[in-house]
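Shown next as structure tokens:
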């Protein structure tokens, strides 16, 4: 233990800083040969974390004596964990998942109210009555969840969006690690931002740019959208809510805001009911909150349409996909928290996600033979950069295989995976480890948009497929039990219009196809 403490001191020597002495503790090796004094931060049952003169240190608790008022007691360790974030996830989904997790571990639970927007779950061993853990929930927002995480007032942030670059930078400054790092962003459910109208409204689709202009007050009549010559009654979620923030980030320009005059609703159920009752209403809601109102497809300038649905949201073909993230800092957490977060991604958790009204991450399949619309678009795309020979090569590679509902997309102009795709790496790797595809063969099929030359797009699509292959290899330290191939097909099968920025983004993707074992 003396060596472990000495090594920790040496590694942290360049991070020396002075801190307030409040809640100081002293960790001593057997015999007191080496001691560390610092501000107590946490204890996970195995490791102490203290803020010392040498920086923040994590020290193995085995054989260490802890002295100070903040030291844990001598009885059984009971971790107290705080989960903070957006209401949709923290108030409904995560409690349901925690109850299912407790049942899977043979634990009993009691839920206790703790005031406005706060409640506590106490998990216990029913045979002895001893507590296993306490999970405290704070129903806040995406921004407040991240703020609590950065202030170390929460162990998990729940958010309707990935961390911003600013939040990522603040986490690095606070020595909480890279929030974009492996395992930091766990997707617990999928959702999407959806425009909705009453069932009697004749409009079936809307361009993304037109939706933004409606929100900004630049389009005020249904006539501009192919509807009647009548004013649009706009209905939006509560200002500052997670959905409102997502709407600003994904539809409006970062500096733009929705025009005054829209009806704001405290709940999405109220919004859905108001839109369903008014044939001249246009609302924006979450896919998980769809009720009697009818969703609109998103249309491109070339006429292609993508409707929100479980498969299109899972594959991110629908451009306004919005995952629900559980984000953790790069710190050791108690085993029960790690086990709970792993459970949220497991097959037994997916029915719970569906029952809570969200889109689960269970892997679905779609054969090439039922994708006539996509193949028709591919045929129409043949020309200077997509030849019939290219299409035949693609069809030969995919024929007889099934497309998985897992796909991968990238940051603009790069081979870096976006936030949802980084989480998809872990999801697919876990399914491979479980043996879900044993006996088959996986193909990572890369596609590009139509900008630039055909040869360059073919090369870029292949490099993106290889980037996913490398990410999977990193997540699977041992050789996978199923062969994985990577290939690129360039712009051979567009999903949306290349004339639109969002269409090009949709077209830049890596799909996952499975060729099952014969019989």
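Residue numbers (the working numbering): 253 to 771.
Built from N, CA and C at the ideal position, the CB exists for glycine as well.
The model shown is predicted, which means the values in this text are computed figures rather than measured ones.
#1: Tell me the residue span of the alpha helix (DSSP H) that contains residue 392.
#2: On a CA-only basis, which of 726, 498, 455 and 575 is nearest residue 480? Give me that one, please.
#3: Taking residue 610 and residue 353 to be in contact with their CB atoms under 8 angstroms, please state how far apart those CB atoms are, rounded to whole angstroms.
#4: Excluding the 5 residues preceding and the 5 following residue 723 in the sequence, name in chain order all residues of the same chain whose CB lies nearer than 6 angstroms to its CB.
#5: Please name the residue in 526, 466, 290 and 498 whose C-alpha comes closest to that of residue 511.
#6: Identify whether residue 603 lies in helix, strand or coil by the three-state DSSP scheme.
#7: I need the straight-line Cα distance from residue 483 to residue 477, nearest angstrom please.
#8: Would you mind giving the Cβ-Cβ distance between residue 604 and residue 349, rounded to the nearest angstrom? I have them listed as a contact below 8 angstroms.
#9: Have a look at residue 652 and residue 768 and give me their C-alpha separation to the nearest angstrom.
#10: Relative to the C-alpha of residue 328, which candidate in 557, 280 and 380 has its C-alpha closest?
#11: Do residue 694 and residue 746 have their beta-carbon atoms positioned less than 8 angstroms apart in this structure?
#12: Which same chain residues, not among the five before or five after residue 740, have their C-beta less than 6 angstroms away from its C-beta?
#13: Restricting to Cα atoms, I'd like to know which of 420, 658, 704 and 375 is closest to residue 395.
#14: Are the segment 535-546 and the segment 489-505 in contact at 8 angstroms, needing three or more beta carbon pairs?
#15: Taking Cβ to Cβ, would you say residue 772 is nearer than 8 angstroms to residue 630?
#16: Is it a yes or a no for the segment 554-571 touching the segment 656-666, going by three-plus beta-carbon pairs under 8 angstroms?
#17: According to DSSP, is residue 801 helix, strand or coil?
#18: Could you spell out the range, first to last residue, of the beta strand (DSSP E) harbouring residue 768?
#19: In the DSSP assignment, the beta strand (DSSP E) including residue 291 goes from what residue to what residue?
#20: Pairing CB atoms from the segment 399-419 with CB atoms from the segment 327-342, are three or more of them under 8 angstroms?
#21: Please list, in chain order, all residues of the same chain as residue 554 whose beta carbon is under 7 angstroms from its beta carbon, the five residues on each side excluded.
#22: Can you name, in chain order, every residue of its own chain whose Cβ lies under 7 angstroms from the Cβ of residue 602, other than the five neighbours on each side?
#23: Mind checking who residue 300 pairs with in its DSSP beta bridge?
#24: Which partner residues does residue 235 have in the DSSP bridge list?
#25: Between the C-alpha atoms of residue 370 and residue 632, what's the straight-line distance to the nearest angstrom?
#26: Between the alpha carbons of residue 378 and residue 674, how many angstroms are there, rounded?
#27: Pick helix, strand or coil for residue 647, following the three-state DSSP scheme.
#28: Do you know how far the Cα of residue 551 is from the Cα of residue 514?
#29: Quick one: is the Cβ of residue 476 within less than 7 angstroms of any heavy atom of the ligand FMN?
#30: In terms of alpha-carbon separation, which member of 358, 302, 452 and 445 lies closest to residue 561?
#31: If I measure Cβ to Cβ from residue 756 and keep anything under 7 angstroms in the same chain, skipping five residues before and after, which residues do I get?
#32: Going by the beta-carbon positions, is the gap between residue 320 and residue 374 smaller than 8 angstroms?
#33: Taking buried to mean at least 16 other C-beta atoms within 10 Å of its own C-beta, is residue 607 buried or exposed?
#34: Return the CA-CA distance between residue 306 and residue 300, expressed in angstroms with no decimal places.
#35: Select from 647, 575 and 637 the residue whose C-alpha is nearest the C-alpha of residue 621.
#36: Give the straight-line distance between the Cα atoms of residue 557 and residue 753, rounded to the nearest whole angstrom.
In terms of the structure at hand:
#1: Segment 383-392 is the beta strand (DSSP E) holding residue 392; no alpha helix (DSSP H) there.
#2: 455
#3: Actually they do not touch by this definition, with Cβ atoms about 16 angstroms apart.
#4: 677
#5: 466
#6: helix
#7: 11 angstroms
#8: 6 angstroms
#9: 9 angstroms
#10: 380
#11: no
#12: 698, 710, 713, 714 and 717
#13: 420
#14: yes
#15: Nothing about residue 772 can be reported from this structure: the residues present for the chain run from 253 to 771 only.
#16: yes
#17: In this structure the chain extends from 253 to 771, so residue 801 is not present and cannot be described.
#18: No beta strand (DSSP E) contains residue 768, which DSSP labels as neither H nor E.
#19: 287-295
#20: yes
#21: 749 and 751
#22: 612, 613 and 614
#23: 295 and 311
#24: Because the chain here runs from 253 to 771, residue 235 falls outside it and cannot be looked at.
#25: 55 angstroms
#26: 38 angstroms
#27: helix
#28: 23 angstroms
#29: As presented, the structure is devoid of all ligands, the ligand FMN included, so that no description of it is given.
#30: 445
#31: 701, 703 and 750
#32: no
#33: exposed
#34: 15 angstroms
#35: 647
#36: 14 angstroms
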